[in-house]
Amino acid sequence: MSGPNPFKHLEKEININGETFRYFDISSFSEFKELPFSIRVLLESAVRNCDNFQVLEKDVHGILGWKQTKGSENNTDLEIPFKPARVILQDFTGVPAVVDFAAMRDAVLKLGGNPDKINPICPSDLVIDHSVQVDFARTPDALAKNQNLEFERNKERFTFLKWGAKAFNNMLIVPPGSGIVHQVNLEYLARVVFADATKSADGVKLLYPDSVVGTDSHTTMINGLGVVGWGVGGIEAEAVMLGQAISMLLPEVIGYKLVGKLNPLVTSTDLVLTITKNLRALGVVGKFVEFFGPGVSELSIADRATISNMCPEYGATIGYFPVDENSLTYLRQTNRDEDKVTVIRKYLELTKQLRNYNDESQDPVFTKVVTLDLATVVTSMSGPKRPHDRVSVTDMKTDFRECLTNKVGFKGFDIAADALSTEGSFTWEDGKTYSLKHGSVVIAAITSCTNTSNPSVMLGAGLLAQKATSFGLKVAPYIKTSLSPGSGVVTYYLKESGVIPALEELGFNVVGYGCMTCIGNSGPLDDNIANTIEKNNLVCCGVLSGNRNFEGRIHPNTRANYLASPLLVIAYAIAGTVDIDFEKEPIGTKPDGSKVFLRDIWPTRAEIQAVEQKHVIPAMFREVYAKIENGSESWQSLQAPAGKLYPWEASSTYIKQPPFFEGMTRALPVIKKIQNARALLNLGDSVTTDHISPAGSIARNSPAARYLSDRGLTPREFNSYGSRRGNDAVMARGTFANIRLVNKLVSKPGPRTLHIPSGEEMDVFDCAERYAKEGTSLIALVGKDYGSGSSRDWAAKGPYLLGIRAVIAESYERIHRSNLVGMGIVPLQYLDGQNADSLGLTGKEQFSIAIPENCKPHERITVNTDSGKKFEVIARFDTEVDLEYFRNGGILNYMIRKMIN
């Protein structure tokens, strides 16, 4: 049971503008000055929440001893608890979270408990931003049409979320059409410092740093404003919502020192792609990265947020910029209350958490320091298949041509020499004939929170568009161009600055407010284009200002996808191809036939900043966010059911009561040995959650399509997997359904596997279902970095529903390993230097694994096979809390038992 806080003596009072506040003075510890600023936030949380139950006194001292345990690369693991101040969700991951909460209420009632106890204890915000698609583009009414279609497709989901907003306490739902979750977080939801009256009996507000976990891996974008936060699986987030601490390993902190100034023609996108490549090569998975040095002062908060947003792409847990004067200026610019800004400044000054990047005496100890001179950054892109494969724009033509002939891989398509000049032609709506070649751009999207939070690149794109149209440059009519701003504020300042007409003239009409092309919601390509690409086996391209370009993610017909600044998105759309050297070749011609080069239309940083200072003002933020919670007329007219228990509808294909708690008892289940299991899949390295979790459109020949067809739906009504995350039957059928999945048990990529006893090849779900009927347990064999990419709970829930009881991998991405544990799946890891191939495993063996009742973190366990091969693996239960969740059959089962026992 919890007890009194042993650090109560550190609590102090302060009067600010006539109001009394309390805070814990963590700066009084002698070790404090050497701690990285990010670790100071973890320390404050531990001190404030220390009850010798969830947070122990020794945990506080463990964090204070960071320099000894993590202050060098020769460090030791130390488990600590962390209680974030709040949780943020988006609708793709938020719907299943609310579904689970509703199902937990049912389970608690069934077990004799009080279902009303199931509520978010931690403040939780859900922003609906992942449901809108680019079905319509390049027309003035594209926005209205896409939003209408969004409501038509998602009415059930939105109605369910509106019920959740009423049924659960302490949960805010931000309606669709408001913006991207991370930008709304940055511009509106972030507190930077909490002033919380709920933590005291006498109503005096307690001050403490804002911190957040979110069900999107790009939650890290908020690090740019000085808020510690990162992405977790939906399962882990639900536990935090229910008041649980996150159990984590005290992280190493890599100090990333920025010096110098950016070239006037370089953008923040170029900088982040450079940093992403550097840090991915350095290896920062599971580590904090904290930026420091005089170069940070040269970056706006939007620039910093762009760098922090890409944190999952470079693999760190956070990419943190401590709060400085620029952060406080941003709060004023975004219409935060001046009195609150005064309180924030005073608290951070008192606790020595306000950073001066030009004061070296404030530099803490880091595990390791790397330095980047901003002057060395050049105009860059990343691709064609991974966000950390940066290539300078000057090298793009050469690099793309090499990729064409390279063997199939992250930088290769294996196009034969005699097919390099292949062309395909088609007739467009204007009656003209156009041709496509390798490198032709067919999708150009200014999309995603990576860049649309940043006025410098958005206004830069607008200024480039103005110059381009003044020269008479155009974008070919068949290229699917789109602009999806991060919030209404972006549209506001684009209009006020006068650049919207030029953007629209080039086809970049506003198509929606949400995560669109970057997450695969790019909508359909015209059949003529798709058929031409497929018929001629062309490597056509998408260019997007997003953060991810994994194979098959953006669109099935764009085999090469490049991440780029919004300015370059427009440039390549005008050029119509990535097979161009902008230094030597013109981007287009004027009506008189004279050549125009990219350098002729490229705006300087000074030009952009002048427009930004004039047009990005607090009044915009005040006007947009004053009405954000109201939603559109469509949202307001939705009629949600009343009551604390959700009335599940058996006919619904969107919202279904999940089977996770079927047969659950108050007592702990017995841990069963995995006996004679089959490998459902044998996968290689870098299998992402995009490969595992259902995402994008539902293929017409898939098990999920058959399920929906059996319920009377036509292909036009299938919608996307993301929209159906509240239906476990659809999601289980879409698990491992990626068209690019490479499974060594079958001969070619795709969502297929081998039913080993019969030798029959079939869809992954159908095979798993057959094994289940035969009573056969399942495992999966995988390579390095298993589960990298977006933090998707269905990447763990789906395998659980397929019957996978254990995964054996060379290594795991942090969030995915945690999610597997949260679903009761055993994450096992080969010993160093070993993998399935080195051990001679084909994946066709039968596997027997006994998990001890008293299993310890990182315990070695023996795997036996029917072929006589025997090998040891490490149980990747990293903490005792992991084991507690596993013994309960998952984190949600643990929470239910905790609530009712």
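If you're matching positions, the sequence shown starts at 164 in the numbering used here and goes up one per residue.
Quick reminder that beta carbons are idealized off the backbone N, C-alpha and C, glycines included.
DSSP, reduced to helix, strand and coil, places L241 outside both helices and strands of the structure shown, so it counts as coil. For C566, the uninterrupted alpha helix (DSSP H) run begins and ends at M559 to T568, by DSSP. Taking 8 Å as the cut-off, the Cβ atoms of V779 and Q496 count as close. Around the beta carbon of R896, a 10 Å sphere encloses 16 or more other beta carbons of the protein chains shown; the residue is thus reported as buried. Around the CB of L434, 16 or more other CB atoms lie within 10 Å, so the residue is classed as buried.
Counting only runs of at least 4 residues, the region 712-769 fully encloses the following alpha helix (DSSP H) elements, listed from N- to C-terminal order: 729-738 and 761-764.
The three-state secondary structure of S235, taken from DSSP, is coil.
Distance check between S490 and each of N441, L413, V355 and S974 places V355 closest, using alpha-carbon atoms only.
Contact between the region 1026-1046 and the region 989-1005 is present: 3 or more CB-CB pairs across the two stretches fall below 8 Å.
The three-state reading of DSSP puts N845 in strand, counting E and B together. A direct Cα-to-Cα measurement between S410 and W957 gives close to 21 Å. The beta carbon of Y510 is closer than 7 Å to those of Y186, V356 and L370 in its chain, skipping five residues each way along the sequence.
With distances taken between CA atoms, T816 lies nearest to F323 out of P550, N426, Y656 and F323. Here the C-alpha atom of L535 lies approximately 14 Å from the C-alpha atom of S431.
Rounded to the nearest angstrom, the Cβ distance from G327 to V261 is 4 Å, consistent with a contact under 8 Å.
CA-CA distance, L707 to A353, rounds to 27 Å. Assigned with DSSP and collapsed to three states, E461 falls in helix. Relative to the Cα of G950, the nearest Cα in the group S910, D581, M827 and L846 belongs to L846. In this structure, DSSP gives E937 a state outside helix and strand, which the three-state scheme calls coil. If you look at Q820, you'll find it isn't in any alpha helix (DSSP H); DSSP assigns it neither H nor E. With respect to Y725, C704 sits close: the two C-beta atoms are nearer than 8 Å. Here P1020 carries a coil assignment [DSSP, helix/strand/coil].
Of S191, N691 and D744, the smallest CA-CA separation from H172 is found for S191. Burial is judged here by how many other beta carbons sit within 10 angstroms of a residue's own beta carbon; F1040 has at least 16 and is buried. Annotated three-state conformation of N472 is helix, per DSSP. A residue is called buried once 16 or more other Cβ atoms fall within 10 Å of its Cβ, and A579, having fewer, is exposed.
Distance from the CA atom of F264 to the CA atom of E1043, rounded to whole angstroms, is 25 Å. DSSP, read as helix, strand or coil, puts Y597 in strand.
The Cβ atoms of V375 and V290 lie no closer than 8 Å to each other. Put simply, of C474, A360, I481 and A468 the residue whose alpha carbon is nearest the alpha carbon of V416 is I481.
Scanning its chain for C-beta atoms nearer than 6 Å, with the 5 sequence neighbours on each side dropped, one finds around D292 the residues Q253, I343, V344, G677 and C678, in chain order. Around the beta carbon of G938, a 10 Å sphere encloses fewer than 16 other beta carbons of the protein chains shown; the residue is thus reported as exposed.
Rounded to whole angstroms, the separation of the alpha carbons of N614 and C681 is 11 Å. When only Cα atoms are considered, T232 and F484 end up about 23 Å apart. The Cβ atoms of F331 and P286 do not sit closer than 8 Å to each other.
A direct Cα-to-Cα measurement between A444 and N472 gives close to 18 Å.
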